[in-house]
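Have a look at the structure below, then the notes.
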Amino acid sequence: MADSKRYVIVGNGVAGTTAAETLKKLDPQSQVTLLAAEPYPLYNRVSLPHYLKGTVSEDKVFMRSVEQHAQRGIDLRLETRVAKVHPDEGVVVTEAGETFPYDKLLVATGGHPRPLPAPGADTPGVYYFQTLDDTRAMVERFATARRAVVVGGSFIAYELAEGFRRRGLEVVWLIRGPRWLRRILDEDGGRLVDLLARDHGVEILYGEEVAEVHAAQGTVKAVTTTGGRVIEADMVGCGLGLDFYTELLDGTGVDVRGGVVTDEYLATNVPGIYAAGDVARFFDVFIGRHNQMGTWNNAMMHGRVAAANMAGARRPYREVPVYSSGLFDSKITAIGATPENHPEVEAVSHVDWDNRQYQRLFFLEGRLVGAVLIGDLRARKKIVDMITQRERVDDPNRLILSLT
Ligand SMILES: Cc1cc2nc3c(=O)[nH]c(=O)nc-3n(C[C@H](O)[C@H](O)[C@H](O)COP(=O)(O)OP(=O)(O)OC[C@H]3O[C@@H](n4cnc5c(N)ncnc54)[C@H](O)[C@@H]3O)c2cc1C
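Numbering of the sequence shown is given in our numbering, commencing with residue 72 and proceeding in unit increments.
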């Protein structure tokens with residue numbers, strides 16, 4: 072045991088857990104320690120919206136047990152938040168003051184929801200949607216709630232609107248911009264989503280934010296919007312985007328710009344420290360620049376690739392991230408690079424109102440780099456292949472018509 076490698080992984084989401092399991096497979100003699108702030112072994116965040124809606128039970132959300140980690144020889148420490156990394160000494164220190172020495176360290180800490188910036192935002196009945204505990208709290212509240220306000224233009228805001236509506240609540244959804252996913256969709260895409268939402272009984276108010284949350288008997292009663300409307304609500308669901316857990320790297324010299332910056336091998340600029348998953352701002356070989364993705368598959372594949380490289384390989388990360396989700400009675404998928412992270416992309420779009428289908432393709436330097444599809448998602452595979460092959464596209468309009 073004396074010479075075995077010590078791998079420490081911070082964060083036990085899908086990136087961290089996949090990395091821990093991959094390391095144990097590649098290097099069975101190694102010591103793998105998985106430090107987890109939350110009190111649970113890996114659970115499926117992508118299943119949380121289904122639990123919120125009531126279409127799956129809570130136990131179906133779990134993906135691993137504590138015993139499975141023990142069987143695999145992974146030292147899982149729950150409710151153990153890392154406060155600080157000391158690269159010179161090769162140790163991490165937890166909030167409780169415990170130290171863990173490492174030879175190689177993986178930061179897979181993900182993110183936390185941006186808080187609602189309004190007076191009264193700390194009133195019970197204001198919810199975020201990132202963890203199992205967040206979801207449990209909302210599910211409990213459904214027993215007595217009748218009306219909800221949702222705030223934000225993100226995928227998570229959509230999941231809240233859909234979940235609340237499915238639970239029979241009256242839902243008003245406030246979006247600051249002119250449409251949902253304002254940068255990824257254009258005007259037609261936004262109108263299509265608005266139709267889908269209305270058919271589902273969700274009213275969207277654009278150009279509106281929460282100015283104040285009002286309470287009665289210690290819980291949410293109503294919100295006032297920036298446009299001066301007063302909307303009665305028993306619950307407020309916020310999907311305002313994520314900030315990333317990077318504080319543990321303060322003062323380490325690791326390059327942090329929004330996320331933890333890595334090369335295509337998921338290595339940071341400080342030797343021995345890697346990053347994976349939502350928190351990683353990785354060099355994306357398909358677009359020739361840094362990219363950051365909030366998708367399950369990206370986090371899982373990051374975990375695999377980072378682990379291989381920590382164990383001595385030199386394997387670049389070469390995956391096109393795909394985020395697929397329901398969209399009321401339709402479906403949506405976002406693929407690769409989009410204007411959300413890369414405002415410089417050029418775009419063409421096509422909408423078929425009769426069949427409620429929409430495609431928008433994104434290009435950089437004459438190559439397809441990303442897309443968003445609503446309705447019929449069958450072109451997904453072809454798009455991923457084209458992005459991977461980095462073919463030049465001479466006529467984007469012809470390409471989009473060929474996909475419909
Ligand atoms: C409600 C919801 C729905 C989603 N739906 C989809 C979907 O349909 N499709 C899709 O592709 N993606 C979806 N996603 C996104 C997807 O779940 C994430 O991209 C993925 O889970 C990220 O995994 P991760 O391991 O990078 O980070 P996380 O899963 O965020 O895990 C990071 C863990 O690290 C812990 N941590 C943070 N700091 C520390 C510290 N200092 N010490 C110890 N532990 C720490 C955190 O508490 C957390 O448990 C959804 C996300 C949510 C919340």
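Yeah, the Cβ is synthetic: ideal placement off N, Cα and C, and Gly gets one too.
* Asked: Between residue 319 and the rest of its own chain, which residues show a CB-CB distance below 8 angstroms, the 5 nearest in sequence each way excluded?
  -> Taken in chain order, the residues that qualify are 81, 153, 154, 155, 156, 163, 178 and 180.
* To do: Using alpha carbons as the reference points, say which of 429, 84, 76 and 379 lies closest to residue 258.
  => Per the Cα distances, 429.
* Asked: Cβ of residue 176 within 8 angstroms of Cβ of residue 345?
  -> One thing to note: residue 176 has its Cβ within 8 angstroms of the Cβ of residue 345.
* Cutoff 7 angstroms; reference residue 183; Cβ partners in own chain excluding five residues on either side -> Excluding its 5 nearest sequence neighbours in each direction, residue 183 has C-beta neighbours in its own chain below 7 angstroms: 201, 313, 314 and 316, listed in chain order.
* Asked: residue 456 to residue 306, Cα distance in whole Å?
  -> Approximately 43 angstroms between the Cα atoms of the pair.
* Asked: Would the C-beta of residue 201 count as close to ligand 1, meaning under 7 angstroms from any of its heavy atoms?
  -> The answer is yes for residue 201.
* **Residue environment, residue 288, which counts as buried when at least 16 other CB atoms sit within 10 Å** => By the neighbour-count rule (16 or more Cβ atoms within 10 Å), residue 288 is not buried but exposed.
* To do: Please report how far the alpha carbon of residue 278 lies from the alpha carbon of residue 246, in whole angstroms.
  => It is roughly 6 angstroms from the alpha-carbon of residue 278 to the alpha-carbon of residue 246.
* According to DSSP, is residue 172 helix, strand or coil? -> Strand.
* To do: Look up residue 315 in the DSSP assignment and say whether it is helix, strand or coil.
  => Strand, per DSSP.
* Asked: So does residue 410 have its beta carbon nearer than 7 angstroms to some heavy atom of ligand 1?
  -> Flag unset: Cβ of residue 410 not near ligand 1.
* Asked: Just to confirm, does residue 395 get its C-beta within under 7 angstroms of one of the non-hydrogen atoms of ligand 1?
  -> Correct: residue 395 has its Cβ closer than 7 angstroms to ligand 1.
* To do: Have a look at the DSSP bridge pairing and note the partners of residue 306.
  => Beta-bridge pairing links residue 306 to 219.
* Asked: Just to confirm, are residue 275 and residue 220 a CB contact at a threshold of 8 angstroms?
  -> Taking C-beta atoms as the reference points, residue 275 and residue 220 fail to come closer than 8 angstroms.
* Segment contact, 8 angstroms Cβ cut-off, at least three pairs: the stretch 252-272 with the stretch 130-150 -> When Cβ pairs closer than 8 angstroms are counted between the two stretches, the stretch 252-272 is seen not to touch the stretch 130-150, the count staying below three.
* Asked: Where does residue 480 fall in DSSP's three states?
  -> The displayed coordinates of the chain run from 72 to 475. Any statement about residue 480 would go beyond what the structure contains.
* According to DSSP, which residues form a beta bridge with residue 164? -> Answer by DSSP bridge pairing, in chain order: 155 and 170.
* Asked: Exposed or buried, which one is residue 125 when buried takes at least 16 other CB atoms within 10 Å?
  -> That one is exposed.
* Could you give the distance in angstroms between the alpha-carbon of residue 159 and the alpha-carbon of residue 336? -> Straight across, the Cα-Cα distance linking residue 159 with residue 336 is about 22 angstroms.
* Compare the C-alpha of residue 414 against each of 198, 381, 362 and 238 and name the closest. => With distances taken between Cα atoms, residue 414 lies closest to 362.
* Asked: Going by the C-beta, is residue 316 closer than 7 angstroms to any heavy atom of ligand 1?
  -> Residue 316 Cβ: within cutoff of ligand 1.
* **Any non-hydrogen atom of ligand 1 closer than 7 angstroms to residue 414 Cβ** => No, the beta carbon of residue 414 sits no closer than 7 angstroms to any heavy atom of ligand 1.
* So is the beta-carbon of residue 349 under 7 angstroms away from any non-hydrogen atom of ligand 1? -> Because some heavy atom of ligand 1 lies under 7 angstroms away, the Cβ of residue 349 counts as near it: yes.
* To do: Quick one: residues in its chain with C-beta nearer than 6 angstroms to the C-beta of residue 248, no 5 flanking neighbours on either side, listed in chain order?
  => Within the same chain, and ignoring the five residues on either side of residue 248 in sequence, the residues whose Cβ sits closer than 6 angstroms to its Cβ are 224.
* Is there at least one non-hydrogen atom of ligand 1 closer than 7 angstroms to the beta-carbon of residue 443? -> Residue 443: no, Cβ never under 7 angstroms from ligand 1.
* Asked: Tell me, which residues are paired with residue 322 by DSSP?
  -> Among the bridge pairs identified by DSSP, residue 322 is matched with none.
* Asked: When the Cα atoms are used, what is the spatial distance from residue 243 to residue 217?
  -> For residue 243 and residue 217, the distance between alpha carbons rounds to 12 angstroms.
* Asked: Once you ignore the five residues that flank residue 94 on each side, which residues in its own chain have a CB closer than 7 angstroms to its CB?
  -> Leaving aside the five residues that flank residue 94 on each side, the residues in its chain whose CB is nearer than 7 angstroms to its CB run, in chain order, 78, 101, 103, 378, 381 and 382.
* To do: Take the Cβ of residue 468 as the centre, count every other Cβ of all protein chains shown within 10 Å, and call the residue buried at 16 or more, exposed below.
  => Exposed, since its Cβ has fewer than 16 Cβ neighbours within 10 Å.
* To do: Helix, strand or coil for residue 214, going by three-state DSSP, please let me know.
  => Coil at residue 214, not helix or strand.
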